[in-house]
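As structure tokens, the structure follows; a few thoughts come after it.
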Amino acid sequence: MNGPTEQEKAAPEETPALAVESLTIGYGSKAIMAGIDFRLRRGEIFFILGGSGSGKSTLLKTLIGLIPPLKGKVSFFGQLFDGDDPRGQQALLQRTGVLYQGGALFSSMNLRENVALPLRIHTRLDEKTILALADYKLRLVELGMAGDRFPSEISGGMMKRAGLARALALDPEILFFDEPSAGLDPVTSHQLDETIRRLNHSLGTTVVVVSHELASIFALAERIVFLDAASRQQLEVGDPRTLRTDSPHATVREFLARGGDDSAKQEPPAVPA
Amino acid sequence: MPPLVSLAMFREMGALMTGIILSGRTGSAFAARIGSMKANDELNALQTMGVSPFDFIVLPRLLALVLLMPLLGFLASWAGVMGGFLMSVSFLGLTPATYVTQTAQSLDLANFLIGPVKSVVFGALIALIGCQQGMAAGASASSVGRAATSAVVQAITWIIVADALFAILMNLYGS
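Residue numbers (the numbering used here), protein chains in the order written: chain A, 1 to 273; chain B, 274 to 448.
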């Protein structure tokens, strides 16, 4: 339906990995944020920022199809991501991976089985290959030795890495991260950032992160979108380093400028855990 | 005495008691477990992975209870009959042989099967209500607790309603 026009628009450049057009998000009839509009280049690291209650998580849920958009559209790789077409939506979702805030590991399965689950569902590989692939993905996030352990037996940081390994199971082209630093100490959080950067470099995966952790933003983000809770609108899309000083919006400058103070505060190396 | 015990146990008490115990033990556990899975985004993860939460969460639990409830109910009925046996033989002066023959006579196939049939229905009710309450739970710890409580209350209520319906049906069909 809307596919061709999508591709025409994007034709001059390459097809964006993710395109969000005049999107209104919210629950039921209650809109939280309107007029969200941005495009992601392939291989880009993109952050979704905003204060508490600005709808960052709601936007993420809309992007991965957990709640339907109230208005506007989302497309991946030039194909419309449409809730009315569950099959097409699912096919696109298989090209994405999501790391949920707490890792969202299934507690009844060990880490290897958790990572193997998407492979079991969506591929016809034999048992041996699936387990070998699962172990390989666990090694990618430095959990090669922990395949037999259960989620209840590992730390929060390990859970997130295991969740990441599971998100990587089907070799996604886009990875979504919901507050990756939430609940992690600065050192572990920094390690996770490094893992994200490494995966982005080596696999060329496009990365979308919902976060308000300024250290991560300045370490990783190529561009950001800023959602403003007060005006219920997107205020800026762009490079956080430029926006910190040059944004016409005081809210954005303030939000990002606290990064100066914060990163200074976090500078002294923390005591190893 | 023996027919009274065996009929009461096999037709009514075995299934009903097992149902009430499993509502408290298993129905609440289902609700709490699924509620905490929901709070941990596990249900969302299933959805984005393209797995139907019904297949992955509800179906195994439903099957487990539907298959095991009749066995547990059966066991409970026999335990009741054994209790009646001890009581009758030691205090009421019945000979063991009398108790066994009278019990055997009272239990025709229909009486024998009513309990397991009820158990299947009760098991399905406990599983479905437990799962439904868990999935409807909010994301906070207290709402998981509330889901567990209302799973128990609702399951017991519906078990009693279903038991009453069975009684009406059996009256109508005279068995």
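Cβ atoms here follow ideal geometry from the backbone N, Cα and C, with glycine treated the same way.
For residue i, the three-state DSSP class (helix, strand or coil)
| i | result |
| --- | --- |
| Val20(A) | strand |
| Met33(A) | strand |
| Gly287(B) | helix |
| Phe106(A) | coil |
| Tyr27(A) | strand |
| Asp261(A) | The predicted position of Asp261(A) is uncertain, since its pLDDT is 47 and thus under 50; no value can be drawn from it. |
| Asp286(A) | Residue 286(A) lies beyond the stretch modelled for chain A, which goes from 1 to 273, so this question has no answer here. |
| Gln191(A) | helix |
| Ile429(B) | helix |
| Glu254(A) | helix |
| Ser325(B) | coil |
| Phe76(A) | strand |
| Val373(B) | helix |
| Ala437(B) | helix |
| Pro276(B) | helix |
| Ile64(A) | coil |
| Arg149(A) | coil |
| Leu365(B) | coil |
| Leu348(B) | helix |
| Thr206(A) | strand |
| Thr5(A) | Any reading at Thr5(A) must be qualified, since the residue scores a pLDDT of 47, below 50, and its modelled position is unreliable; no value is offered. |
| Gln320(B) | helix |
| Gln89(A) | helix |
| Gln233(A) | strand |
| Leu125(A) | coil |
| Ser413(B) | coil |
| Ser216(A) | helix |
| Ala169(A) | coil |
| Asn313(B) | coil |
| Leu184(A) | coil |
Spatial neighbours of residue i in its chain, beta-carbon cut-off 7 Å, leaving aside the 5 residues before and after
| i | result |
| --- | --- |
| Thr274(A) | An answer regarding residue 274(A) cannot be provided, because it is not within the stretch 1 to 273 covered by chain A. |
| Thr430(B) | none |
| Pro16(A) | Ala10, Arg39, Leu40, Arg41 |
| Lys61(A) | Ile67 |
Residues near residue i in its chain [Cβ-Cβ closer than 8 Å; skip 5 each side]
| i | result |
| --- | --- |
| Leu125(A) | Leu119, Leu133 |
| Leu93(A) | Ile64, Gly65 |
Interface residues of chain B facing residue i [CB-CB closer than 8 Å]
| i | result |
| --- | --- |
| Ala104(A) | Asn313, Asp314, Glu315, Asn317, Ala318 |
| Gln233(A) | Here the premise fails: no neighbours, minimum Cβ distance about 26 Å. |
| Val20(A) | The premise fails here: Val20(A) is roughly 17 Å from chain B at the closest Cβ pair, so nothing lies under 8 Å. |
| Val141(A) | The premise fails here: Val141(A) is roughly 16 Å from chain B at the closest Cβ pair, so nothing lies under 8 Å. |
Interface residues of chain A facing residue i [CB-CB closer than 7 Å]
| i | result |
| --- | --- |
| Val393(B) | Residues of chain A passing the Cβ test: none, with the nearest at roughly 25 Å. |
7 Å Cβ cut-off: residues of chain B touching residue i
| i | result |
| --- | --- |
| Gln90(A) | Gly323 |
| Pro118(A) | Met322 |
| Tyr27(A) | Here the premise fails: no neighbours, minimum Cβ distance about 13 Å. |
| Gln101(A) | Asp314 |
| Val115(A) | Simply none; closest approach about 12 Å. |
| Val74(A) | Under the 7 Å cutoff, chain B gives no residues; its nearest Cβ is about 14 Å from Val74(A). |
In DSSP terms, what residue i is bridged to
| i | result |
| --- | --- |
| Phe358(B) | None, per the DSSP bridge assignment. |
| Gly238(A) | Ile224(A) |
| Thr96(A) | Ile174(A) |
| Leu49(A) | Phe226(A) |
| Arg39(A) | Ala19(A) |
| Phe81(A) | Val74(A) |
Proximal residues of chain B, C-beta to C-beta of residue i below 9 Å
| i | result |
| --- | --- |
| Gly315(A) | Missing from the structure shown is residue 315(A); chain A here goes from 1 to 273 and no further. |
| His122(A) | Met322, Gly323 |
| Gln274(A) | Not covered by the structure: residue 274(A). The range shown for chain A is 1 to 273. |
Heavy atom of the ligand NAP within 7 Å of residue i beta-carbon
| i | result |
| --- | --- |
| Gly83(A) | The ligand NAP is not part of this structure, which contains no ligands at all. |
Contacting residues, own chain, Cβ-Cβ under 6 Å from residue i (five flanking each side not counted)
| i | result |
| --- | --- |
| Leu380(B) | Ser279 |
| Ala412(B) | Ala312 |
Whether or not the segment 307-318 of chain B and the segment 98-105 of chain A are in contact is what I'm after, with contact meaning three or more pairs of Cβ atoms, one per stretch, closer than 8 Å; do they touch? Counting Cβ pairs under 8 Å, three or more are found: they touch.
Pair every Cβ in the segment 331-342 of chain B with every Cβ in the segment 390-398 of chain B, then say whether three or more of these pairs are closer than 8 Å. Counting C-beta pairs with one atom in each stretch, the segment 331-342 of chain B and the segment 390-398 of chain B have three or more that are closer than 8 Å, which means they touch.
Touch test, the segment 283-296 of chain B against the segment 45-54 of chain A, Cβ-Cβ under 8 Å, three pairs minimum: No, the segment 283-296 of chain B does not touch the segment 45-54 of chain A.
Touching or not, the segment 236-247 of chain A and the segment 200-210 of chain A, by the rule of three or more beta carbon pairs under 8 Å? Three or more Cβ pairs closer than 8 Å define a contact, and the segment 236-247 of chain A falls short of that threshold against the segment 200-210 of chain A.
Would you check if the segment 398-410 of chain B and the segment 300-309 of chain B touch, i.e. whether three or more CB-CB distances between them fall below 8 Å? Cβ pair count under 8 Å is three or more, so yes.
Using 8 Å as the cut-off, can you tell me whether the segment 241-255 of chain A makes contact with the segment 213-233 of chain A, which would need three or more C-beta pairs spanning the two stretches below that distance? Yes, the segment 241-255 of chain A is in contact with the segment 213-233 of chain A.
Using a Cβ distance threshold of 8 Å, determine whether the segment 344-364 of chain B contacts the segment 136-149 of chain A, with at least three qualifying pairs required. At 8 Å Cβ cutoff, the stretches do not touch.
Please confirm if the segment 20-35 of chain A is in contact with the segment 210-223 of chain A, defined as three or more CB-CB distances below 8 Å between the two stretches. Contact between the segment 20-35 of chain A and the segment 210-223 of chain A is absent, because fewer than three Cβ pairs lie under 8 Å.
Counting pairs of beta carbons, one from the segment 286-296 of chain B and one from the segment 415-429 of chain B, are three or more of them closer than 8 Å? Cβ pair count under 8 Å is three or more, so yes.
Determine contact between the segment 167-182 of chain A and the segment 83-98 of chain A, defined as no fewer than three beta-carbon pairs at a distance below 8 Å. Touching, yes, given that three or more Cβ pairs across the two stretches are closer than 8 Å.
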